[in-house]
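>
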Amino acid sequence: MSLAYGRPFGALPGPSVIPDRVLRAMHRPAPDIYGAALADTTAQIKIDLQTMARTTAPALIYIGNGHAGWEAALNNIVNPGDHLLALETGRFTKGWANVAERLGAHVERIDFGARAAFDPGLVEDRLRADRAHKIKAIVCVQVDTASSVLNDIPALRAAIDVAGHSALLAVDCIASLGCEPYEMDAWGVDITVSACQKGLMTPPGLAFVHIGDRAWAARQSCQSVTSYWDWAPRRDPEMFYMNFFGTAPTHLLFGLETALQMILREEGLENVWHRHKVLSDAVAVAVEAWGADGPLECNIPNRAERANSVTAIRTGTVNAETIRQWCDTQAGVSLGIGLDFEEKDAPDHPYVFRIGHMGHLNPPMVMGVLGTVEAALHANDIPFGNGALSKAARIIAEG
Ligand SMILES: *Cc1c(COP(=O)(O)O)cnc(C)c1O
Numbered sequence: 212m213s214l215a216y217g218r219p220f221g222a223l224p225g226p227s228v229i230p231d232r233v234l235r236a237m238h239r240p241a242p243d244i245y246g247a248a249l250a251d252t253t254a255q256i257k258i259d260l261q262t263m264a265r266t267t268a269p270a271l272i273y274i275g276n277g278h279a280g281w282e283a284a285l286n287n288i289v290n291p292g293d294h295l296l297a298l299e300t301g302r303f304t305k306g307w308a309n310v311a312e313r314l315g316a317h318v319e320r321i322d323f324g325a326r327a328a329f330d331p332g333l334v335e336d337r338l339r340a341d342r343a344h345k346i347k348a349i350v351c352v353q354v355d356t357a358s359s360v361l362n363d364i365p366a367l368r369a370a371i372d373v374a375g376h377s378a379l380l381a382v383d384c385i386a387s388l389g390c391e392p393y394e395m396d397a398w399g400v401d402i403t404v405s406a407c408q409k410g411l412m413t414p415p416g417l418a419f420v421h422i423g424d425r426a427w428a429a430r431q432s433c434q435s436v437t438s439y440w441d442w443a444p445r446r447d448p449e450m451f452y453m454n455f456f457g458t459a460p461t462h463l464l465f466g467l468e469t470a471l472q473m474i475l476r477e478e479g480l481e482n483v484w485h486r487h488k489v490l491s492d493a494v495a496v497a498v499e500a501w502g503a504d505g506p507l508e509c510n511i512p513n514r515a516e517r518a519n520s521v522t523a524i525r526t527g528t529v530n531a532e533t534i535r536q537w538c539d540t541q542a543g544v545s546l547g548i549g550l551d552f553e554e555k556d557a558p559d560h561p562y563v564f565r566i567g568h569m570g571h572l573n574p575p576m577v578m579g580v581l582g583t584v585e586a587a588l589h590a591n592d593i594p595f596g597n598g599a600l601s602k603a604a605r606i607i608a609e610g
């Protein structure tokens, strides 16, 4: 017998829960793609995306997922043979670095493992050693969605400045825009990549690249820019279709317009950040309480390095799929799988699952997921410490 009949719930680290209002905004006839209304919607979205990333750098919109955003960012700055430095803290910088290699870049990777943030001091040392300033750009993520680590971008900027290095700083905020505080201009980031299906609560299909002045200058000496990925027409479109190099993604734009309205003009961005912080802390204390007397633990031991948007949970000797499958079939909750955990002496079963807590989410949704995971532990005779939900409730009460 299953108790899953009810509204299915995705506690995934993307795509995230889509607000009904965003769905409804998309439920309308196809618009005139040469009309003023769609042009107005697009113009407002471009302004709102700047507000989201706290920047005056123009936002370019690509029809595509986060991987498309990666390619859009690098296609305009990487010439074959250019040197890049990739700071790996889980899966996602690795993926971005692979894109860079296919564009012909020579990528040097520093692997900080999957359980901690990058170390800006180490990056500073590497940059100091690069006296000729061969490294053209540094690529990294603010949140790695696989490890659920939060990297300290201002500390990285400071390290680059102390080293006196000219490398561009390119940051993937796909799993953190609208979840974590982010200040593109104040932090001196040159390129920000994001997408619509995580903190921005919109069905997948739009990627965003913010390009700062130094990045724009670098594009002018890039020989390998191709038509579709070119920043130039999207940055300074002479006609509306140039924003998208073809037909606009009409309904995704309507959905996104409403999502940005909800974030920026109804809830307010700082409240959004705070809500994510509190809900993330609630998940963390619950996992810690379970782990006090059982195999579960947060993948990121250092609290200050935990993301607000996703929590990776290690299950040690227990097969993580047992928990995930039970939640899915018995309770209608989808949890995220573990991604790319290939450690020395690792168990030969999956030993990580993830709870996504990004976007359109409030306390009953998070408490529901935590209660369901606890039920899965009961049902499968997995030992756990007491008081997890009570501790989570206290965090929420202190808000
Ligand atoms: C989800 C994600 C991506 C990839 O996005 P896709 O839409 O799946 O291509 C890249 N980086 C980070 C940090 C992500 O969370």
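Oh and the sequence shown: position 281 is 492 in this note's numbering, straight run, nothing missing.
For glycine and all other residues, C-beta sits at the position ideal for the given N, C-alpha and C.
Quick one: does the C-beta of Trp406 sit closer than 6 Å to a heavy atom of ligand 1?
For the purposes of this step, residue 406 is taken as residue 195 along the sequence shown, with counting starting at 1. Before going on, a small fix: residue 406 reads as Ala here, not Trp. Yes.
> Taking only heavy atoms of ligand 1 into account, decide whether any of them is closer than 6 Å to the Cβ of His278.
As a position in the sequence shown, residue 278 is number 67, starting the count at 1. The answer is yes for His278.
> Determine the closest residue to Ala518 out of Ala357, Lys347, His294, with distance taken between C-alpha atoms.
Within the sequence shown, the letter at position 307 stands for residue 518. The residue with the shortest Cα to Cα distance from Ala518 is Ala357.
> Where Lys488 and Ala515 are concerned, what is the direct C-alpha to C-alpha distance, given to the nearest angstrom?
Residue 488 sits at position 277 when you count from the first residue of the sequence shown. Residue 515 sits at position 304 when you count from the first residue of the sequence shown. Whole-angstrom Cα-Cα distance: 11 Å.
> What are the uninterrupted segments assigned as alpha helix (DSSP H) that are 4 or more residues long and contained completely in the stretch 364-438, given in chain order?
Taking only runs of at least 4 residues, the alpha helix (DSSP H) segments lying wholly in the stretch 364-438 are 364-373, 424-430.
> State the CB to CB distance for the pair Gly277 and Ala406, rounded to an integer number of angstroms; the pair is presumed to be in contact (CB under 8 Å).
Counted from its first residue, the sequence shown places residue 277 at position 66. Counted from its first residue, the sequence shown places residue 406 at position 195. Right, the Cβ-Cβ distance comes to about 4 Å (below 8 Å), so this counts as a contact.
> With a Cβ-Cβ cutoff of 7 Å, do Gly225 and Lys409 count as a contact?
Here residue 225 refers to the residue found at position 14 when the sequence shown is read from its first residue. Here residue 409 refers to the residue found at position 198 when the sequence shown is read from its first residue. Closer than 7 Å, so yes.
> Measuring CA to CA, which of Leu417, Val289, Glu312, Gly301 is closest to Phe465?
By 1-based counting over the sequence shown, the position of residue 465 is 254. That would be Leu417, whose Cα lies nearest to the Cα of Phe465.
> Determine whether the beta carbon atoms of Val404 and Gly275 lie at a separation below 7 Å.
Taking the sequence shown and counting its residues from 1, the one referred to as residue 404 is at position 193. Taking the sequence shown and counting its residues from 1, the one referred to as residue 275 is at position 64. Not closer than 7 Å, so no.
> Alpha carbon to alpha carbon, how far is Ala343 from His294?
Taking the first residue of the sequence shown as 1, we reach residue 343 at position 132. Taking the first residue of the sequence shown as 1, we reach residue 294 at position 83. Rounded to the nearest angstrom, the two C-alpha atoms are 12 Å apart.
> Among the residues of its own chain, which have a CB less than 6 Å from the CB of Pro392, if the five just before and after it don't count?
As a first step, residue 392 is located in the sequence shown; it is residue number 181 there, counting from the start. Excluding positions up to five away in sequence, the list reads Trp484.
> Quick one: measure Cβ to Cβ for Gly598 and Ala493, integer angstroms, because I've assumed they're closer than 8 Å.
Along the sequence shown, one-based indexing puts residue 598 at 387. Along the sequence shown, one-based indexing puts residue 493 at 282. The pair is not a contact, with the Cβ atoms about 13 Å apart (cut-off 8 Å).
> Flag this pair as yes or no: are the beta carbons of Leu223 and Gly570 separated by less than 7 Å?
Numbered from 1 along the sequence shown, position 12 holds the residue referred to as residue 223. Numbered from 1 along the sequence shown, position 359 holds the residue referred to as residue 570. No. Outside cutoff.
> For a quick check, are the C-beta atoms of Leu380 and Val400 less than 7 Å apart?
Translated into positions along the sequence shown, residue 380 becomes position 169. Translated into positions along the sequence shown, residue 400 becomes position 189. Taking 7 Å as the Cβ cut-off, Leu380 and Val400 qualify as a contacting pair.
> Flag this pair as yes or no: are the beta carbons of Arg565 and Gly579 separated by less than 7 Å?
Working through the sequence shown from its first residue, we reach residue 565 at position 354. Working through the sequence shown from its first residue, we reach residue 579 at position 368. No, Cβ-Cβ distance for Arg565 and Gly579 is not below 7 Å.
> Between the C-alpha atoms of Ala586 and Pro219, what's the straight-line distance to the nearest angstrom?
Locating residue 586 in the sequence shown gives position 375, where the first residue counts as 1. Locating residue 219 in the sequence shown gives position 8, where the first residue counts as 1. Taking the straight line from one Cα to the other gives about 17 Å.
> Under DSSP, the beta strand (DSSP E) around Leu249 begins and ends at which residues?
Taking the first residue of the sequence shown as 1, we reach residue 249 at position 38. Note, Leu249: premise wrong, no beta strand (DSSP E); alpha helix (DSSP H) at 247-264.
> List the DSSP bridge partners of Ile534.
As a working note, residue 534 is residue 323 in the sequence shown. Its beta-bridge partners do not exist; DSSP assigns none.
> Kindly give me the distance between the Cβ atoms of Thr262 and Leu475, rounded to whole angstroms, as I take these residues to be in contact under 8 Å.
What you label residue 262 is simply residue 51 of the sequence shown in a count that begins at 1. What you label residue 475 is simply residue 264 of the sequence shown in a count that begins at 1. So it is a contact: roughly 6 Å between Cβ atoms.
> Check each candidate in Asp243, Ser227, Tyr216, Ile229 and name the one with the smallest Cα separation from Phe451.
Here the question's residue 451 lines up with position 240 in the sequence shown. The shortest Cα separation from Phe451 among Asp243, Ser227, Tyr216, Ile229 belongs to Asp243.
> Starting from Thr469, trace the beta strand (DSSP E) in both directions and tell me its first and last residue.
Locating residue 469 in the sequence shown gives position 258, where the first residue counts as 1. Unbroken run through Thr469 is the alpha helix (DSSP H), 461-471; no beta strand (DSSP E).
> My understanding is that Leu285 touches Val318, with C-beta atoms under 8 Å, so please give their C-beta distance in whole angstroms.
As a first step, residue 285 must be located in the sequence shown, where it is residue number 74. As a first step, residue 318 must be located in the sequence shown, where it is residue number 107. Going by Cβ atoms, the distance from Leu285 to Val318 rounds to 10 Å, so no, they are not a contact pair.
> What's the gap between the Cα of Leu572 and the Cα of Ser432?
Position 361 of the sequence shown holds residue 572. Position 221 of the sequence shown holds residue 432. Near 44 Å, if we compare the C-alpha coordinates of Ser432 and Leu572.
> Are there three or more Cβ pairs, one per stretch, closer than 8 Å when the stretch 521-535 is compared with the stretch 551-563?
The stretch 521-535 is in contact with the stretch 551-563.
> Going by DSSP, what residue range makes up the beta strand (DSSP E) through His317?
On the sequence shown, position 106 is the one that residue 317 refers to. Per DSSP, His317 belongs to the beta strand (DSSP E) from 317-322.
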